[in-house]
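Scroll down for the structure; my scribbles are underneath it.
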Amino acid sequence: MIVELGHFSLVLALAVALVQMALPAWGARRGDRQLMAVAEPAALVQLSLVLFAFLALMHAYITSDFSVETVWANSHTAKPLIYKISGVWGNHEGSMLLWVLILALFGAAVALFGTNLPASLRATVLAVQAGIAVAFLLFIVLTSNPFVRIPPQPQGRGLNPILQDPALAFHPPFLYAGYVGLSIAFSFAVAALIEGRIDAAWARWVRPWTLAAWMCLTLGIAMGSWWAYYELGWGGWWFWDPVENASFMPWLAATALLHSALVMEKREALKVWTILLAILAFSLSLMGTFLVRSGVLTSVHAFAVDPKRGIFILTILVVLIGGALALYAWRAPQLQPGGLFAPISREGALVLNNVLLTTGCATVLVGTLYPLLLESITGAKISVGPPYFNLTFGLLMLPLLAAMPFGPYLGWKRGDLAAAAQRLFAAAIAALLAVVTTFAIMWRGPWLAPFGIALAVWIIVGAASEWATRVQLLTGQAGRVWHRARGLPRSAHGTMLAHLGIGLTLLGIVATSAWQSERVVAMRPGESTEIAGYVLTFRGVAPAQGPNYQEQVGLFAVTSSGSPVTELSPSKRLYDAPRQATTEAAIHAAIAGDLYVVLGDELKDGGWVVRLYFNPLVRLIWIGAVVMALGGGLSLSDRRLRVGAPRRARRAIPSSLFTE
Amino acid sequence: MTRKQRRAAFILLTVSVLALAVFLVAIALRDTIVFFLTPREVVERAIPPGKRIRLGGLVAEGSLKRGTGMQVEFAITDKTKTITVSYIGILPDLFREGQGVVAEGKLDAAGHFLADVVLAKHDENYMPPEVAKALKAQGVWKDAGKGKRDVQP
Chain A
0 MIVELGHFSL
10 VLALAVALVQ
20 MALPAWGARR
30 GDRQLMAVAE
40 PAALVQLSLV
50 LFAFLALMHA
60 YITSDFSVET
70 VWANSHTAKP
80 LIYKISGVWG
90 NHEGSMLLWV
100 LILALFGAAV
110 ALFGTNLPAS
120 LRATVLAVQA
130 GIAVAFLLFI
140 VLTSNPFVRI
150 PPQPQGRGLN
160 PILQDPALAF
170 HPPFLYAGYV
180 GLSIAFSFAV
190 AALIEGRIDA
200 AWARWVRPWT
210 LAAWMCLTLG
220 IAMGSWWAYY
230 ELGWGGWWFW
240 DPVENASFMP
250 WLAATALLHS
260 ALVMEKREAL
270 KVWTILLAIL
280 AFSLSLMGTF
290 LVRSGVLTSV
300 HAFAVDPKRG
310 IFILTILVVL
320 IGGALALYAW
330 RAPQLQPGGL
340 FAPISREGAL
350 VLNNVLLTTG
360 CATVLVGTLY
370 PLLLESITGA
380 KISVGPPYFN
390 LTFGLLMLPL
400 LAAMPFGPYL
410 GWKRGDLAAA
420 AQRLFAAAIA
430 ALLAVVTTFA
440 IMWRGPWLAP
450 FGIALAVWII
460 VGAASEWATR
470 VQLLTGQAGR
480 VWHRARGLPR
490 SAHGTMLAHL
500 GIGLTLLGIV
510 ATSAWQSERV
520 VAMRPGESTE
530 IAGYVLTFRG
540 VAPAQGPNYQ
550 EQVGLFAVTS
560 SGSPVTELSP
570 SKRLYDAPRQ
580 ATTEAAIHAA
590 IAGDLYVVLG
600 DELKDGGWVV
610 RLYFNPLVRL
620 IWIGAVVMAL
630 GGGLSLSDRR
640 LRVGAPRRAR
650 RAIPSSLFTE
Chain B
0 MTRKQRRAAF
10 ILLTVSVLAL
20 AVFLVAIALR
30 DTIVFFLTPR
40 EVVERAIPPG
50 KRIRLGGLVA
60 EGSLKRGTGM
70 QVEFAITDKT
80 KTITVSYIGI
90 LPDLFREGQG
100 VVAEGKLDAA
110 GHFLADVVLA
120 KHDENYMPPE
130 VAKALKAQGV
140 WKDAGKGKRD
150 VQP
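Line order of the protein sequences matches chains A and B.
Read left to right, the first sequence gives residues 0 to 659 (numbering that gives the first Met the number 0).
Read left to right, the second sequence gives residues 0 to 152 (numbering that gives the first Met the number 0).
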């Protein structure tokens, strides 16, 4: 019964979304306030209906109602509760429902917090938002209904065991919040084009939403990477897999959008470009959804290979993106051009950021789509792997990273590069020291790596020193420092943290790529082996029983220079439903890096194949991402940026020091 | 600087970054991509030894031999041609005889394939899409796994 109500509620939500799409947009054109006012309640009702449908599906999962097809196909009574819940979005139908739920959440948030938006802009934004909802609700109802009933089954088939993992339970919601959060920027851009009016206030409304989406995307990608690192058992953290790229491209575009919206907000420049970027960022999110869900790419994420769905999503893609771009081509030339600025200025630096980020994003796009294109034209099947991306994307990011510390030091409109360079003296010295010390300690390994480390140190110290200058950490009196730090807008702390996070991530990437050690050895119980200063003694393998799997657990005693460090138990699991084997790596995390052990196959002579890795500083990759997201959060909590608070954003602090 | 000069500076920046990107993409696409081939295609196209390729097909029944230590040997077949493969390391969890597999590496002078990566995705009914497609094209593919489970790992 609840399932049918959920289904009914979903169809109702579609009807409400249709109303929300049509009436307010029409009202905004005719200046009819009553019609425009339909938007807010409609957005809230739509959210309640979609939420009810989602909860109904979750209820079916929790109670293991195997008369529902998706529950039967993806759940199992023996599965722990958290994976029954995460199973809701661990499949195609449920994940699309989650997508629409998050879309409705964002729409309702605009309705609730956007009370100080001009009425017609708000109505148009909500109408565009509803248009997206209509497309995806139609998609769910027509091709991917999660509420389809089947004759009741005694037992479900279970969730793919590699998806039964805490990091992966929350990876999709975060990623979707990021994807879908960019829809707000998209809706605002389309609304601005329809209205034919755009100003600094527009950017002030758009930026917090983009920032929130960017934070979620950052965390979602980091979680996915972290999961791949410990679950797939290859010791790698990023594979340039098309599906990873599908989430990485919107992230790059969102990062660019954040920075260009900044220019627009402060200087009213780059309007036309910012609008285009907002459209592109969400288009890349949609394309990601298409690539991942259509089965064009078959991988962990391609839940169902159903051409009907692919064509449907492709149609949505063409209509939404094509429509928005056509509107852009038609209306954008009519927008007023903005303020002037010199090439060497904060704006100029942000333009450089945008040019490099979008070009980098384009190279990732080419690498992701080229194999599909080539196969459909010539039939040749190729794989584009890490070497391609390192050469193209990697090289393009170098100038961006090198220039990054300069940005915050340059003044708006006209900057002084020499003065900025002078202030970065400390960072330059630190970078130089980093090269020398790295060469001294790690004289083995790729010769480029110490320069990579130096680049990371340059960014970290550069970001920190900009902040230190502003609070006069070294020159001011102790009491004043605290006062100044308090007086600094939170977005300034946010910028510092986000840039610092990039530096940390880069440090982790360089260190682990350059100096990872890997050994594959055959070991019999009692034998020892050595890696990166650790000595591992193999004690043997014992069977064990988990809640829904059996496993063989290896035991390794780890010592370092004679003293015991820890015991590691990597295992091989065989899940009951579906009957599938997985490898569980055991990881010992230390400051210098991760010791990573994987149990392989049993050999004829009673030995086992064991794969060992030492990944230096690998954790910094994810720590950096968390720091970036924290920076985003801090910026978001800035009074001037608070969602729905842009009116109060007049310059509260007169000092030129604070004109962030 | 006049408005015109400023604009020229930005256009120059954008054009040069784009030109660099196009150049890099062109080089990378020429040098770094790896072709996916079935054993028959390897034989027909006379792939030279040392060229890096992905070899895909089914693991031939009864071909898996474990050598000393982690040395393994097996054969990849598309039912018309078969190529022996040697690999040192841990085989994927779902490596089985008769299952689809993709090996990346190069041929030696004797036509024997030296793999440094072996992929078999995490599902018993999984067939790497490239393999399925190639086998279908050659008419040796039976839709055995279909209908049992459409959830790909």
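Cβ atoms here follow ideal geometry from the backbone N, Cα and C, with glycine treated the same way.
query	result
So, under 8 Å CB-CB, G157(A) and A576(A) are touching, yes? Tell me the CB distance rounded to an integer number of Å.	3 Å
Could you check whether I501(A) and G359(A) sit closer than 8 Å to each other, using their CB atoms as the reference points?	no
Okay, do the stretch 179-197 of chain A and the stretch 224-241 of chain A touch, 3+ Cβ pairs below 8 Å being the bar?	no
Counting only beta-carbon separations shorter than 8 Å, does G146(B) have a partner in chain A?	Residue confidence for G146(B) is low, a pLDDT of 31 falling below 50, so the modelled location carries little weight; the figure read from the coordinates is stated next. No, because no Cβ of chain A sits closer than 8 Å to the Cβ of G146(B).
How far does the alpha helix (DSSP H) with T582(A) in it reach, from first residue to last?	Premise fails: T582(A) lies in the beta strand (DSSP E), 579-583, not in any alpha helix (DSSP H).
For chain B, is any of its Cβ atoms less than 8 Å away from the one on K380(A)?	yes
Rounded to whole angstroms, how far is the Cβ of S259(A) from the Cβ of L395(A), which I believe are closer than 8 Å?	With 8 Å as the limit, S259(A) and L395(A) do not qualify as a contact, their Cβ atoms being about 18 Å apart.
Would you say V2(A) and A55(A) are within 8 Å of each other, going by their C-beta atoms?	yes
Starting from the C-beta of Q471(A), find all residues in its chain whose C-beta is less than 8 Å away, skip the five residues before and the five after it, and write them out in chain order.	R479, V480, R483
May I ask which residues mark the beginning and end of the alpha helix (DSSP H) holding Q33(A)?	32-35
Do we get a CB-CB distance below 8 Å when we pair T358(A) with the residues of chain B?	yes
Please classify P165(A) as buried or exposed, where buried requires at least 16 neighbouring CB atoms within 10 angstroms.	exposed
If you measure beta-carbon to beta-carbon, which residues of the stretch 366-395 of chain A are closer than 7 Å to chain E?	Absence of chain E from the displayed structure is noted, the protein chains being A and B.
Using a beta-carbon distance cut-off of less than 9 Å, what residues from the stretch 31-57 of chain B approach chain A?	T31, I32, V33, F34, F35, L36, R53, G55
Is any beta-carbon of chain A found at less than 8 Å from that of I89(B)?	yes
Bridge partners for Q70(B) per DSSP, in chain order?	I87(B)
Can you list, in chain order, the residues of its chain with a C-beta nearer than 7 Å to that of E374(A)? Leave out the 5 residues immediately preceding and following it.	K380
Less than 8 Å between the C-beta atoms of Q544(A) and P160(A), yes or no?	no
If distances are taken between C-alpha atoms only, which option among L390(A), R443(A), L285(A), W607(A) comes closest to I32(B)?	L390(A)
Spell out the partners DSSP gives N614(A) in its beta bridges.	D593(A)
Using three-state DSSP, classify A168(A) as helix, strand or coil.	helix
Using 8 Å as the threshold, is the C-beta distance between I87(B) and L54(B) below it?	no
To the nearest angstrom, how far is the alpha carbon of G155(A) from that of S66(A)?	10 Å
Per DSSP, which residues does Y548(A) bridge with? Please list them.	Y574(A)
Look at the Cβ atom of A245(A), then the Cβ atom of A280(A), and state whether they are nearer than 8 Å.	no
Alpha carbon to alpha carbon, how far is A118(A) from P404(A)? Give it in angstroms, no decimals.	40 Å
In whole angstroms, give me the CA-to-CA distance for Q476(A) and N115(A).	42 Å
Who are the neighbours of D92(B) on chain A, taking C-beta pairs under 7 Å?	A580, T581, T582
Chain B partners of V608(A), CB-CB under 7 Å?	M69, I89
Three-state secondary structure (DSSP) at G195(A)?	coil
Does any residue of chain A have a CB that is nearer than 8 Å to the CB of I75(B)?	no
For the alpha helix (DSSP H) containing D30(B), list its first residue and its last residue.	2-30
Determine which residues share a DSSP beta bridge with Y533(A) and list them.	I530(A), S559(A)
Are the CB atoms of F105(A) and I312(A) within a distance shorter than 8 Å?	no
Give, in chain order, every residue of the stretch 16-30 of chain B whose Cβ lies closer than 8 Å to some Cβ of chain A.	V16, L17, L19, A20, L23, V24, I26, A27, L28, D30
Are the C-beta atoms of A8(B) and some chain A residue less than 8 Å apart?	yes
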